[in-house]
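In the numbering used here, each number is its position in the first sequence, counted from 1, plus 601.
Every residue gets a Cβ at the ideal spot worked out from N, C-alpha and C, and that includes glycine.
All figures in this text were calculated on a predicted structure; none of them were measured in a lab.
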Amino acid sequence: MLFLYNTLTRRGEEFQPQEPGRVRMYVCGPNLYGPCHVGHAFSYIAFDVLRRYLEFRGFDVIHVQNFTDIEDRIIETARSQGKTVSELAENYISRFFRETDALHIKRAHYYPRATEFIPRMIEMIQSLLANGSAYALDGDVYFRVRRFPAYGRLSHRSPDEMMSGARIEIDPRKEDPLDFALWKGAKPGEPSWDSPWGPGRPGWHIECSAMSTVLLGETIDIHGGGQDLVFPHHENEIAQSEAYTGKAPFVRFWLHNGLLRPSPEEDKMTRHLANFVSCQEALQKYSPDALRLFMLSSHYRTALTWSEEAVAAAESGVERLKVALRPAYGGAGEAIGLPETAKKARDAFLAAMDDDLNTPQAIASIFELARGINQARDEGQGGGSFDEAQAVLRELAEILGLRLEKKVEIDETTRKHLEEQIAQRERLRIEKRWAEADRIRQELAKEGFLLEDTPAGTVWRKI
RNA sequence: GGCGACGUGGCCAAGUGGUUAAGGCAGGGGUCUGCAAAACCCCGAUCGGCGGUUCGAAUCCGCCCGUCGCCUCCA
């Protein structure tokens, strides 16, 4: 039984989809005013693992992730860079795919863009106006928060307690400071779409309601995103969606990941992208496996602080898992204790994942299994049970999206050269000409290859 | 002002009432090895502070100290 923590009820709840066997899941995607940073990656990886685990458990998952391709920040950024909004968006979308693919994040089934759903949003807004949930005002349309009694339920705050305008100025024309924009009239020079209220663009929140209801239906199983989206974004989504469809709940399970923070030393201001490490930068320095292992070493709902030191530590950990996948040396027969170790690790892994995706604990059992495998190899054991234990290790690692591949991006010439050098060194070693043998190893080290002598012969590793 | 999170060995991080407080990284000591590397074995914390509840608390309650997030830009 899979238990997931639901922000709405503030409890772990047993997860069952509405339609048996099929999960409808919507995850908030990026606002395309800038490149993705490791904080986005943290969120996408968390929900990627959720999806992988659901699929592992036999569910057919329909996964939707949106692109916010029209919004104030994008307009501003495009203008300052002398680009069109769509040029900017396209650029960041292709970069998004490059980076999420590299991070081994499974592609969603749909990547709807806000600008593709304008007619639907207009229709929703009209309907909200018709039923009294919204009001038009000089080309803008606002949602009437006070008309929605459940407002505040997700974020657990009451409209009366909120300090509206704590951070921005209140628009005095609004009926209530909490009312939020469904439609914004265009100012001169801004991109706009025609609407019954004049040219304008959608408010930020309505896009998710439109895309979610069109692609997944009026009630979906899971809606995910960062904790910073609980209020107001998701609160507003619930209000406008339920006011529109007349059906509740809009979402059965609300899942929110804790926020990734930049290193304390790097900058105090966490607001702007400039303080974050971009995915691109992270991928240049670290392997995707290490980045994933680092992020999954902490529970998804807990805030995690970005730390170069911790990612580097994860890199070493990944290396040990890879070593566990090396072949057995053999000689001592079947690895007798291994099947039990593998079963124990697998059971523990699944139990941890069932408990609100406790990946840190799940990872612990992967390492236990790796140790068991390495131990067996050291003792010269092998056979079918050894291979099966490695298969379990691969299986569990894949649920976390760890590839554990030996990266062999070397060309034929280099490979030949390596093989010749290793063979030559082997001859020297047989003749006990250690100094010459060591020289070969030193030279290869300079070329970036580390030689390791094992009972099964000499293997090389890229350093 | 309101709501909320967090503080566990050198670093990262699970555990939320009762076995010897997971796991990773780093470190020390070993085994193996011509050497090296890797792997394996062994070694380290009583859980921010104080008080309380309980037969029993890192785990529940209260207070204090510290860090952080949200309260319409934000994954």
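Exclusion of the five residues before and after S879 leaves P636, H638 as the residues of its chain whose Cβ lies within less than 6 Å of its Cβ.
Where V912 is concerned, the enclosing alpha helix (DSSP H) starts and stops at 909-925.
The bridge partners DSSP lists for R625 are I663. K848 and R1004 have their C-alpha atoms some 42 Å from each other. Given a length threshold of 4 residues, each whole run of the alpha helix (DSSP H) inside the stretch 820-855 is given here in chain order: 836-846.
Restricted to the stretch 667-754, the alpha helix (DSSP H) segments that are unbroken, complete and at least 4 residues in length are 673-682, 686-703, 719-731, listed in chain order. With a threshold of 16 other beta carbon atoms within 10 Å, P889 meets it and is buried.
With contacts defined by Cβ atoms closer than 9 Å, A844 and F749 form a contacting pair. Counting C-beta pairs with one atom in each stretch, the stretch 980-996 and the stretch 684-691 have fewer than three that are closer than 8 Å, which means they do not touch.
Secondary structure of Y901 (DSSP, three-state): coil.
Judged by their CB atoms, Y736 and E791 are not nearer to each other than the 9 Å cut-off. The bridge partners DSSP lists for Y606 are G613. In the three-state scheme derived from DSSP, where H, G and I count as helix and E and B as strand, K945 is classed as helix.
L958 and Y752 do not touch by the CB rule: their CB atoms are close to 29 Å apart, not below 8 Å. Non-local beta-carbon contacts of W855 in its own chain, meaning distances under 7 Å to residues more than five positions away in sequence, involve N607, T608, L609, L755, H824, H835 in chain order.
When DSSP states are grouped into helix, strand and coil, N959 belongs to the coil group. Each residue's CA atom was taken as its position, placing I663 and V624 some 6 Å apart. A straight-line Cα-Cα distance of about 51 Å links M725 and K1007. Residues of the same chain with a CB within less than 6 Å of the CB of R1030, apart from the 5 flanking positions on each side, are A1038 in chain order.
The beta-carbon separation of V665 and S813, rounded to 7 Å, stays under the 8 Å limit for a contact. Three or more Cβ pairs drawn from the stretch 934-948 and the stretch 974-983 lie within less than 8 Å of each other, which places the two stretches in contact. If you draw a straight line from the Cα of V650 to the Cα of E677, it is about 34 Å long. The stretch 961-975 and the stretch 896-904 touch, with three or more beta-carbon pairs separated by less than 8 Å.
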